[in-house]
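Colleague: Here you go, one structure.
In full-length UniProt numbering, the protein residues as written are 1 to 303.
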């Protein structure tokens, strides 16, 4: 077990500063918190926070996975994307609520008809080449409850995944799983000649759930703030509901089951990919209220 060079605290998941070579705990991992000589590089346009920390003690040989996957993005303090580092969960939540406002407040004010509304926000087998809907449909939702359920899941679980894999990889996971989940649902609709569209962030939310299930299957989630449930059981439950629906025995009507399964599979695969370089906490309080559906809520094809 490593110890922090600054405070001496034992640390299961130490951070290694690539600027000074020191080993630090989470509290002292940032250069300004341990008097890093890299502070002298403030005049460097790329800043000193340019993926300067490995994500685990075993990654001394090179750049982190985050750096390899998205090194083209400058998220240093001196870079244009510095604000988003560590905040992507909240950025995505903000986009979800902004999009909800555009759907149900702004669009009606401008008398946007149902065809244009769908063309803006719904990924549909009828219009597979409306590429913008591959992304806008992630942040659009079929109603307030649909939005709130996904927002709660992303708020609680998303912060954990972002903390452990980094903001850039988290953003790629969120957007990638959301797009692929929507495309999977759309593809099945095309094959089955079903014109039903889909919208919602549940594909990305299930991917987040899948990542944490692999990293720590015994993570305790406190449903309604007092019912302890291991996260693997939640995952199995959502998977069972989605598989049942995909096989023609829907437990929750109007849910895009293929999108759920696609997002979950992506999350499980990514969790396996990063397993061993991160440590997840062992409990999480996750509350919710009553409503008409599970993840995805009511409506036509939410995911």
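Each residue gets a CB set at the ideal place from its N, CA and C atoms; glycine is no exception. Small disclaimer: the values here were computed from a predicted structure and weren't measured.
Return helix, strand or coil for residue 10, following the three-state DSSP convention.
Modeller: Residue mapping note: residue 10 aligns to position 10 of the chain shown, counting from 1. Three-state DSSP puts residue 10 in a strand.
Colleague: Please specify which runs of the alpha helix (DSSP H), each continuous and at least 4 residues long, are wholly inside the region 195-278, giving them in chain order.
Modeller: You should have 202-215, 231-246, 257-274.
Colleague: Quick one: give me the first and last residue of the alpha helix (DSSP H) that residue 169 is part of.
Modeller: Here residue 169 refers to the residue found at position 169 of the chain shown. Run containing residue 169: 167-191, per the alpha helix (DSSP H) assignment.
Colleague: Starting from residue 107, follow its DSSP beta bridges and name the residues at the other end.
Modeller: The count along the chain shown starts at 1 and reaches residue 107 at position 107. In the DSSP output, where bridge partners are listed per residue, residue 107 has none listed.
Colleague: Looking only at DSSP bridge pairs, what is residue 140 linked to?
Modeller: Counting from one through the chain shown, the residue named residue 140 turns up at place 140. According to DSSP, which records beta bridges pairwise, residue 140 is partnered with nothing at all.
Colleague: Is the beta carbon of residue 245 closer than 8 Å to that of residue 206?
Modeller: For the purposes of this step, residue 206 is taken as the residue at position 206 of the chain shown. For the purposes of this step, residue 245 is taken as the residue at position 245 of the chain shown. It is not a contact, given that the beta carbons lie outside the stated cut-off.
Colleague: Roughly how many angstroms separate the alpha carbons of residue 98 and residue 145, rounded to a whole number?
Modeller: Locating residue 98 in the chain shown gives position 98, counting from the first residue. Locating residue 145 in the chain shown gives position 145, counting from the first residue. Distance between the alpha carbons of residue 98 and residue 145 is about 15 Å.
Colleague: Which of the three DSSP states is assigned to residue 24 in this structure?
Modeller: Against the chain shown, residue 24 aligns to sequence position 24. Strand.
Colleague: Contact between the region 212-227 and the region 167-184 is defined here as three or more beta-carbon pairs at a separation below 8 Å; is this criterion met?
Modeller: Segments in contact, no.
Colleague: In the DSSP assignment, what are the bridge partners of residue 2?
Modeller: Taking the chain shown and counting its residues from 1, the one referred to as residue 2 is at position 2. Partner(s): 11.
Colleague: Considering only DSSP beta bridges, list what residue 123 is partnered with.
Modeller: As a working note, residue 123 is residue 123 in the chain shown. Bridge partners of residue 123: 198.
Colleague: For residue 259 and residue 136, what's the separation of their Cα atoms in angstroms?
Modeller: On the chain shown, residue 259 is found 259 positions in, with the first residue counted as 1. On the chain shown, residue 136 is found 136 positions in, with the first residue counted as 1. Answer to the nearest angstrom: the Cα atoms are 15 Å apart.
Colleague: Once DSSP output is grouped into helix, strand and coil, what is the label at residue 314?
Modeller: Only positions 1 to 303 of the chain appear in this structure, which leaves residue 314 out of reach.
Colleague: Residue 117 by DSSP, collapsed to three states: which one?
Modeller: The sequence position of residue 117 within the chain shown is 117, counting from 1. Three-state DSSP puts residue 117 in a helix.
Colleague: Apart from the five residues just before and just after residue 125, which ones in its own chain have a Cβ nearer than 6 Å to its Cβ?
Modeller: Position 125 of the chain shown holds residue 125. These residues qualify, in order along the chain: 186, 189, 190, 195.
Colleague: Quick check on DSSP: helix, strand or coil for residue 129?
Modeller: Taking the first residue of the chain shown as 1, we reach residue 129 at position 129. Note: residue 129 maps to coil in three-state DSSP.
Colleague: Is DSSP giving residue 112 helix, strand or coil here?
Modeller: Position 112 of the chain shown, counting from 1, holds the residue named residue 112. Residue 112 falls in the coil class under three-state DSSP.
Colleague: Could you check the C-alpha separation between residue 90 and residue 100 for me, to the nearest Å?
Modeller: Residue numbering aside, residue 90 sits at position 90 when the chain shown is read from its first letter. Residue numbering aside, residue 100 sits at position 100 when the chain shown is read from its first letter. Rounded to the nearest angstrom, the two C-alpha atoms are 15 Å apart.
Colleague: Give me the Cα-Cα distance between residue 7 and residue 15, rounded to the nearest whole angstrom.
Modeller: Locating residue 7 in the chain shown gives position 7, where the first residue counts as 1. Locating residue 15 in the chain shown gives position 15, where the first residue counts as 1. One C-alpha to the other measures close to 13 Å.
Colleague: Taking residue 101 as part of the alpha helix (DSSP H), name the residues at either end of that continuous run.
Modeller: Counting from one through the chain shown, the residue named residue 101 turns up at place 101. Where residue 101 is concerned, the enclosing alpha helix (DSSP H) stretches over 88-101.
Colleague: With DSSP as the reference, label residue 158 as helix, strand or coil.
Modeller: As a first step, residue 158 is located in the chain shown; it is residue number 158 there, counting from the start. Three-state result, residue 158: helix.
Colleague: Quick check on this structure: which residue in 141, 104, 242, 193 has the alpha carbon closest to the alpha carbon of residue 201?
Modeller: As a position in the chain shown, residue 201 is number 201, starting the count at 1. Among 141, 104, 242, 193, the Cα nearest to that of residue 201 is on 141.
Colleague: Keeping to the same chain, check which residues put their C-beta closer than 6 Å to that of residue 3; ignore five residues upstream and five downstream.
Modeller: Taking the first residue of the chain shown as position 1, residue 3 is located at position 3. Only 10 meet the Cβ criterion.
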